[in-house]
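Scroll down for the structure; my scribbles are underneath it.
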Amino acid sequence: NAGVTQTPKFQVLKTGQSMTLQCAQDMNHNSMYWYRQDPGMGLRLIYYSASEGTTDKGEVPNGYNVSRLNKREFSLRLESAAPSQTSVYFCASSVYVIIGQNNQPQHFGDGTRLSIL
Amino acid sequence: AQSVTQPDIHITVSEGASLELRCNYSYGATPYLFWYVQSPGQGLQLLLKYFSGDTLVQGIKGFEAEFKRSQSSFNLRKPSVHWSDAAEYFCAARWFGNEKLTFGTGTRLTIIP
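Here the protein sequences come in this chain order: B and E.
Taking my numbering, the leading residue of the first sequence gets 249, the next gets one more, and so forth.
Taking my numbering, the leading residue of the second sequence gets 2, the next gets one more, and so forth.
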């Protein structure tokens, strides 16, 4: 059981380049999330998808777009990479969350380490 | 604003010693609470969670956490640490009606022989 799989694991980009980070989960979860992790700041939510066909902004969405391709896959795109987007990106998934019953833990992938020069 | 505070950035303990990592949350309502561990180069692994009921929660790897409403705290404990416990630990909370999981800034644990 692979859980949450992220590709690639490492990437170096030049400023202005575009890139898509891929995430897939095999746990039949409905909800999926993208976070970025920066030193001293914990994890911050970029975008999430509560269920297939829906996406919503988190706390730091600027400069990113997402696509919920199907139930398993949730991709994060950087259209024009900037040095401030150098970070470690984590994808997570959880059982479907009904508003008011959001007590399900999230399961995380191993991360994508992205450097933008 | 909803927030989670981990006041200790870095803690060093001797192998075999006891451990307590602190976590406090803001905002009046009690959130759902979680502790995660992150080993170097890895993703986050859930250690334990608290939703309601018994305030002492048991998790994996011998960890436990105690919820104290009066102190808005959810501290993580382990009676005797092992060298393999060296990692970064994150406390997280999710409030009623909010999709967002709010993380603390993490506590890095170093184990010395």
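Note that beta-carbon positions come from the ideal geometry of N, C-alpha and C, so glycine has one too.
Around K50 of chain E, the beta-carbon contacts reaching into chain B at under 7 Å are P353. Below the 7 Å Cβ cutoff, chain E contributes F91, F104, G105, T106, G107 as neighbours of G290 of chain B, in chain order. DSSP lists B:R284, B:T360 as the beta-bridge partner residues of Y337 of chain B. In the structure shown, W84 of chain E adopts helical secondary structure according to DSSP, grouped into three states.
Bridge partners of W36 of chain E according to DSSP: E:L49, E:C92. Judged by their CB atoms, F104 of chain E and A30 of chain E are not nearer to each other than the 8 Å cut-off.
Distance between G301 of chain B and N318 of chain B, taken at the CA atoms: about 8 Å. Chain E places no beta carbon closer than 8 Å to that of L324 of chain B, leaving this residue out of the contacts. Residues of chain B whose Cβ lies closer than 7 Å to the Cβ of K69 of chain E do not exist; the shortest such Cβ separation is about 19 Å. Residue state for I61 of chain E is assigned as helix, using DSSP reduced to three classes. Identification of chain E residues near E307 of chain B by a Cβ-Cβ cut-off of 8 Å yields K101, ordered along the chain.
The three-state reading of DSSP puts S15 of chain E in strand, counting E and B together.
Ranked by how close their Cα comes to the Cα of I113 of chain E, the residues E:S85, E:P8, E:S40, E:V38 have E:S85 in first place.
At a Cβ-Cβ threshold of 8 Å, L269 of chain B and T334 of chain B do not count as neighbours. Interface flag for F258 of chain B against chain E is unset, since no Cβ pair is found closer than 8 Å. Bridge partners of N313 of chain B according to DSSP: B:R325. Residue environment analysis places E89 of chain E among the buried positions, since at least 16 neighbouring C-beta atoms fall within 10 angstroms of its C-beta. With a cutoff of 8 Å on beta-carbon distance, L49 of chain E and G60 of chain E are scored as near each other.
In this structure, DSSP gives R70 of chain E a helical state, which the three-state scheme calls helix. Excluding the 5 residues flanking it on each side, A93 of chain E has same chain C-beta neighbours closer than 8 Å at V5, L34, F35, W36, Y37, L102, T103, F104, G105, in chain order.
For G44 of chain E, a Cβ of chain B is located within less than 8 Å of the residue's own Cβ. The beta-carbon of D274 of chain B is placed no less than 8 Å from the nearest beta-carbon of chain E. L47 of chain E reaches chain B at P353, counting residues in chain order whose Cβ is nearer than 7 Å.
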